[in-house]
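Trainee:
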DNA sequence: TTTTTACTTTAAAACCGTTCTAAACTACTT
DNA sequence: AAGTAGTTTAGAACGGTTTTAAAGTAAAAA
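Residue numbers (the working numbering), protein chains in the order written: chain H, 85 to 216; chain W, 85 to 216.
#1: Could you check where the beta strand (DSSP E) with residue 108 of chain H kicks off and where it finishes?
#2: Beta-carbon separation of residue 189 of chain H and residue 207 of chain W under 7 Å?
#3: Quick check: the Cα distance between residue 200 of chain H and residue 118 of chain W, rounded to an integer number of angstroms?
#4: With H, G and I counted as helix, E and B as strand and the rest as coil, what does DSSP make of residue 169 of chain W?
#5: Helix, strand or coil for residue 123 of chain H? Go by DSSP, reduced to three states.
#6: Compute the Euclidean distance between the alpha carbons of residue 104 of chain W and residue 98 of chain W, then round it to the nearest angstrom.
#7: How about residue 125 of chain H: is its C-beta nearer than 7 Å to some C-beta of chain W?
#8: Which one of W:202, W:144 and W:178 has the shortest CA to CA distance from residue 92 of chain W?
#9: Leaving aside the five residues before and after residue 128 of chain H along the sequence, list all residues of the same chain whose C-beta is less than 8 Å from its C-beta, in chain order.
#10: Given that residue 205 of chain W touches chain H, what residues does it touch there, using C-beta distances under 7 Å?
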């Protein structure tokens with residue numbers, strides 16, 4: 085399936101700008117990137133795109149599942165008086181957090197830590213959706 | 085141990101402002117809050133504090149472990165072309181992310197989901213620190 | 001086709017959380 | 001009491017993201 089079809093299937097008009105983005109992102113190689121990264125790459129490919137369009141496009145792609153956004157990170161810093169090692173439930177609608185004590189969760193199998201690095205803490209976030 | 089001692093032990097001068105914040109935060113009840121939340125609470129307790137001081141204070145408290153900051157959320161949105169269910173290593177120094185495939189991790193024991201909610205996805209972030 | 005309609009792109013401004021600046025102030029040391 | 005190092009502050013600046021409103025484009029209707 086080519087990118088034009090992918091966009092159509094996703095319910096998006098295959099505009100010039102969306103095709104440029106799709107050609108960069110939907111080529112089968114996975115990657116992490118910011119809006120600015122992507123704009124730079126668009127620029128250095130000889131095209132150009134307003135930063136607003138880059139954001140619009142990423143939002144659309146995200147909403148129809150063509151890409152994801154990593155870490156449900158809100159733009160506001162959230163602090164916690166609980167300094168014990170623990171985890172969180174996150175109500176994605178409201179941003180509300182609920183503590184999960186360390187004993188309530190257990191990680192059974194862990195991936196190998198990349199060469200030259202140490203495990204410096206694990207954060208588990210269980211995202212919640214209201215039932216019905 | 086009173087709050088003045090807690091601050092001294094942490095290597096912080098017990099200034100008027102830090103005592104106000106300590107009185108609100110270090111009372112034995114755990115909570116999540118933003119800088120703005122805290123400033124509002126300070127205001128409604130009859131005190132007042134510049135937002136810069138609130139931030140300075142939270143940074144100091146955090147650095148000496150009196151509080152934590154939740155989710156190592158960078159202020160920049162990071163997108164991911166990998167739309168499969170997966171997790172991440174996070175190099176906290178550089179912000180770099182590395183995928184962890186779903187099979188490489190397994191959660192053995194899970195906490196009970198709060199009444200009225202559904203589990204809407206789990207995100208595991210393993211923070212990395214450079215070795216040596 | 002041509003016209004119409006709905007959607008999309010854009011530059012620029014606005015926004016909002018956070019950090020910086022530099023001057024005034026305060027806690028601690030001598 | 002005097003000195004100095006650390007702290008607070010208002011306001012400006014910053015950086016990522018969203019909004020605005022006008023111009024442009026894709027698809028549907030005529």
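The C-beta atom is built at its ideal place from N, Cα and C for all residues, glycine as well.
Mentor: Once the coordinates are examined:
#1: Taken as a continuous stretch (DSSP letters only), residue 108 of chain H belongs to no beta strand (DSSP E), being part of the alpha helix (DSSP H) at 100-109.
#2: no
#3: 35 Å
#4: coil
#5: helix
#6: 10 Å
#7: no
#8: W:144
#9: none
#10: 211
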